[in-house]
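Inspection log for the structure reproduced underneath, given as C-alpha cells.
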Amino acid sequence: MRHAHVAHPFAAVDSQPRPGDLVDTLRRLAAEPFYGAYKQRLRELLYARRGDCFLDVGAGAGDSALALTAESGARVVVADSSLTMAGTMRKGGLTHITVADGHHLPFLASSFDGAWADRVLQHVADPARVLDEMVRVVRPGGRIVLADPDYATQVLDIEDQQLAARVLRFRAESGLRNGTLAHRHPGMLAARGLEDVTAEARTLVVRDAESVDNVLGLRSWAHTAATRGHLDSRDADRFAAQFDRAVRTGRFTYAVTFFLASGTLPTAGADGPGSSGAAVPRGDHR
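Numbering-wise (the working numbering), the sequence shown opens with residue 5 and increments by one.
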C-alpha cells in the first residue's frame, strides 16, 4: 500500500508551528565536526577567488555564505524560499538576500561564477529542474557543487535488523522527497554537459545517540512511521525500546554517507558572457 508523502519540515519551513526551531537545528548541525569538515570541502570545490560572485541555493541560516566570503573574498548572493531563513541571514550580516524558489531562480543567465546547493535537492519537488536553474545562472567555466546525504546508505545497530531496515527505509523513501538521490548527483551533472565531474563520499558515523537524536530525531522515526500508517504501533514501541537498550549497552551505532559532487560548465563554443563579478537579477527580490 502506498502512502502519501508528507513534506519534511525543511521543505516548508515557514508553515511549521515553530519555524525558529529549524534555525536552531541548523546551528546545532553546524557545530558538529563532521558537518563543519564536509562544508569546508564543499567551499574548496567552488575554487572561489576574491571578486567572484557565487549563489547559495537554499542557503538556510547563511553560515556557509559568510564563511566563503571570509575565506576567499568572494561575494555571495543567498537564495532561500523561507522568510524565516531570510530574516535569520539578514540578522547574521548578509545583505544580498533573495527569497526565491530554486525551481525558478530570479537571475539572468550566466550571472554567477558558481553555485552550490547543500542538503537541498533531497527536499525539493523537482531536483532536475533546480539543477537546470543552477546551470542556467552560472557562467561558462563556472563551478557547481552539490552535497546531500544518501539515506539508502543508512545503517543502525539494534537487535532487530529487519525492523531497523524498515524504519530506515521509511526515512529514506517517505520522510524525504529525494532521500536516496545523492549518489546520482555526479551523473546529473555529467548529463548536463559539465566537465571534470567529481564525486566524494564522506560517512557520518555516530555512536553518541543523544547527538544524533537531538539533531535528526532518530528515536522518533518509528513512531512517525506508525502515525503515517507505515508501521504497526507495537513495532514502533519495540524500535524505541531496542534503541534505548542499544544506548544503555554501548551497542548503538548509526551511519549515513554524504556525497559531494562537483563540475565545471564547459567554455568551448560558448557565446555567453564571462564572469562579471556581479549577479543580474530579473527584478528586485531583496
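Glycine is no exception: its CB is placed at the ideal position from the N, C-alpha and C atoms.
Beta-carbon proximity check, residue i vs residue j, cutoff 8 Å
| i | j | result |
| --- | --- | --- |
| residue 82 | residue 56 | no |
| residue 96 | residue 65 | yes |
| residue 157 | residue 261 | yes |
| residue 236 | residue 230 | yes |
| residue 113 | residue 140 | yes |
| residue 223 | residue 256 | no |
| residue 259 | residue 159 | yes |
| residue 121 | residue 153 | no |
| residue 175 | residue 155 | yes |
| residue 45 | residue 78 | no |
| residue 196 | residue 135 | yes |
| residue 251 | residue 213 | yes |
| residue 129 | residue 58 | no |
| residue 127 | residue 180 | yes |
| residue 42 | residue 206 | yes |
Segment limits, alpha helix (DSSP H) that includes residue i
| i | result |
| --- | --- |
| residue 62 | Unbroken run through residue 62: none, as it is neither H nor E. |
| residue 190 | 189-195 |
| residue 87 | 87-95 |
| residue 231 | 225-231 |
Sequence-distant residues of its chain with Cβ nearer than 6 Å to residue i (five each side left out)
| i | result |
| --- | --- |
| residue 204 | 264 |
| residue 133 | 107 |
| residue 92 | 27, 65 |
| residue 30 | 64, 65 |
Nearest-angstrom beta carbon gap, residue j and residue i [assumed within contact, 8 Å]
| i | j | result |
| --- | --- | --- |
| residue 182 | residue 220 | Wrong, their Cβ atoms sit about 17 Å apart, outside the cutoff. |
| residue 270 | residue 199 | 5 Å |
| residue 266 | residue 147 | 7 Å |
| residue 76 | residue 52 | 4 Å |
| residue 33 | residue 149 | No, residue 33 and residue 149 are not in contact; Cβ-Cβ is about 18 Å, not under 8 Å. |
| residue 69 | residue 98 | 6 Å |
| residue 71 | residue 84 | No, residue 71 and residue 84 are not in contact; Cβ-Cβ is about 16 Å, not under 8 Å. |
Helix, strand or coil at residue i according to DSSP, with G and I counted as helix
| i | result |
| --- | --- |
| residue 143 | strand |
| residue 13 | helix |
| residue 350 | With the chain running from 5 to 290 in the structure shown, residue 350 is simply not present. |
| residue 77 | coil |
| residue 171 | helix |
| residue 151 | strand |
| residue 246 | helix |
| residue 278 | Low local confidence applies: a pLDDT of 39 at residue 278 is under 50, so the model's placement there is unreliable, with the coordinate-based value given in what follows. Of the three classes helix, strand and coil, the one that applies to residue 278 here is coil, per DSSP. |
| residue 125 | coil |
| residue 184 | coil |
| residue 160 | strand |
| residue 69 | helix |
| residue 8 | Bear in mind that a pLDDT of 47 at residue 8, under 50, signals an unreliable position, so the number given afterwards is only what the model happens to contain. If DSSP states are grouped into helix, strand and coil, residue 8 belongs with coil. |
| residue 83 | strand |
Beta strand (DSSP E) segment containing residue i, residue limits
| i | result |
| --- | --- |
| residue 258 | 258-268 |
| residue 199 | 199-210 |
| residue 102 | 101-103 |
| residue 122 | 116-122 |
Cβ-based neighbour list, residue i, same chain, cut-off 7 Å, excluding 5 preceding and 5 following
| i | result |
| --- | --- |
| residue 67 | 34 |
| residue 289 | For residue 289, the predicted structure reports a pLDDT of 35, less than 50, and the residue's modelled location is therefore unreliable. A value from the coordinates is still provided. For residue 289, where only same-chain residues beyond five positions count, the Cβ hits under 7 Å are 102, 103, 104, 110. |
Same chain only: Cβ atoms within 8 Å of residue i, ignoring 5 sequence neighbours per side
| i | result |
| --- | --- |
| residue 201 | 190, 193, 194, 265, 266, 267 |
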